[in-house]
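Q: Just dropping this structure here.
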Amino acid sequence: MKIRIKSKTKTIFIVYADSEIWGILPLKILQIFSIYPGKETIISKEQAKELLLEIEKFAWDKLLNFLTYRERSCGEEKSYLKQLPLKNSIYEKLVTKAISADFINDRRFTEFYIEDLIEKSKNEKEIKQKLFEKHIPEVMIKSMLLELFTPQKKEEVLIKNIEKALARFIRYKGRERKEKILNYLSRKGFSYGEVKEKLEEYK
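Numbering (this note's numbering), first residue to last: 3 to 205.
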């Protein structure tokens, strides 16, 4: 089997086996297999197994480091592994391993993410959009929003956004200010009628 490598960073190299991408490894590990930049190396089947194992170990360590900083969705995990890049069989194995170990849990991620976005005064439309971007299934989004985004939370978020909008358009007066606030919050995904009704309380 022919092995060649291509620089990804100063110390990390992409490993190709017969033109197929296998993954990435630092040069210090590649040198154990007598693999060097600018040189094609022939390895045995046994060496190939060992090299694949090193690639898998290195990718797993990179993934664990990626998961350390905050809760991640399964979609984020998959995108991260694909951009390493990584051989498909190893990619599938690591995805399954992370889910089985409960390092990745979309329901847990969705719960934390919704609570964080509510705290940041995001409305239902904004929350849905951000969860879609994280590749969370629509059924789960609807279910978790129903559970976590209660009518009380919705009202709190609306009030906070109205107060911010009142400050944002403070230089305008009367009807003009009201219309700007209504249009601004409607574009953000709030109900025109609900905003209008709540604004009446600030007269």
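For glycine and all other residues, C-beta sits at the position ideal for the given N, C-alpha and C. Owing to the predicted nature of the structure, the values given are computational and were not obtained by experimental measurement.
Looking only at its own chain, which residues have a Cβ that is under 7 Å from the Cβ of M142, when we skip the five neighbours before and after it?
A: Here residue 142 refers to the residue found at position 140 of the sequence shown. Taken in chain order, the residues that qualify are D108, R109 and T112.
Q: Are the beta-carbon atoms belonging to V97 and L86 less than 8 Å from one another?
A: Start at 1 with the first residue of the sequence shown, and residue 97 comes out as number 95. Start at 1 with the first residue of the sequence shown, and residue 86 comes out as number 84. Not closer than 8 Å, so no.
Q: In this structure, how does DSSP classify G176 when only helix, strand and coil are distinguished?
A: Here the question's residue 176 lines up with position 174 in the sequence shown. Residue state, collapsed to three classes: helix.
Q: DSSP on R72, reduced to helix/strand/coil?
A: Locating residue 72 in the sequence shown gives position 70, where the first residue counts as 1. R72 falls in the coil class under three-state DSSP.
Q: Taking contact to mean 3 or more Cβ pairs, one atom from each stretch, closer than 8 Å, check whether the segment 47-62 and the segment 89-96 are in contact.
A: Contact holds: three or more Cβ-Cβ distances are below 8 Å.
Q: Give me whichever residues DSSP pairs with A19 in a beta bridge.
A: In the sequence shown, residue 19 corresponds to position 17, counting from 1. BP columns for A19 point to I5 and E22.
Q: Whole angstroms is fine: what's the gap from E126's alpha carbon to S46's?
A: For the purposes of this step, residue 126 is taken as the residue at position 124 of the sequence shown. For the purposes of this step, residue 46 is taken as the residue at position 44 of the sequence shown. One C-alpha to the other measures close to 56 Å.
Q: Quick one: using the 10 Å Cβ neighbour count with 16 as the cut-off for buried, is Y194 buried or exposed?
A: Position 192 of the sequence shown, counted from the start, is the residue given in the question as residue 194. Y194 comes out exposed.
Q: Under the three-state reduction of DSSP, which class applies to T43: helix, strand or coil?
A: Counting from 1 along the sequence shown, the entry for residue 43 is found at position 41. Correct three-state label for T43: strand.
Q: In angstroms, rounded to a whole number, what distance separates the CA positions of G77 and H137?
A: Indexing the sequence shown from 1 puts residue 77 at position 75. Indexing the sequence shown from 1 puts residue 137 at position 135. Each residue's alpha carbon lies about 5 Å from the other.
Q: Which complete alpha helix (DSSP H) runs does the segment 72-158 hold, if anything under 4 residues is left out?
A: Here the runs fully enclosed are 76-84, 90-102, 108-121, 126-135 and 140-150.
Q: If you reduce the DSSP assignment to three classes, tell me which class I14 lands in.
A: The residue labelled residue 14 in the question sits at position 12 within the sequence shown. Correct three-state label for I14: strand.
Q: Any chance the segment 47-57 sits against the segment 6-24, with 3 or more Cβ pairs inside 8 Å?
A: Short answer: they touch.
Q: With which residues is L27 paired in a DSSP beta bridge?
A: For the purposes of this step, residue 27 is taken as residue 25 along the sequence shown, with counting starting at 1. Answer is F15.
Q: Would you say I1 and I37 are within 8 Å of each other, going by their C-beta atoms?
A: Residue coverage of the chain in this structure runs from 3 to 205, which leaves residue 1 outside it and unanswerable.
Q: Quick one: residues in its chain with C-beta nearer than 6 Å to the C-beta of K155, no 5 flanking neighbours on either side, listed in chain order?
A: Your numbering for residue 155 matches position 153 in the sequence shown. I120, listed in sequence order.
Q: Could you tell me how far apart the beta carbons of I183 and F171 are, in whole angstroms, since I believe they sit closer than 8 Å?
A: In the sequence shown, residue 183 corresponds to position 181, counting from 1. In the sequence shown, residue 171 corresponds to position 169, counting from 1. That pair is a contact at about 6 Å.
Q: Name the two residues that bound the continuous alpha helix (DSSP H) containing E196.
A: On the sequence shown, residue 196 is found 194 positions in, with the first residue counted as 1. Element bounds for E196: Y194 to L201.
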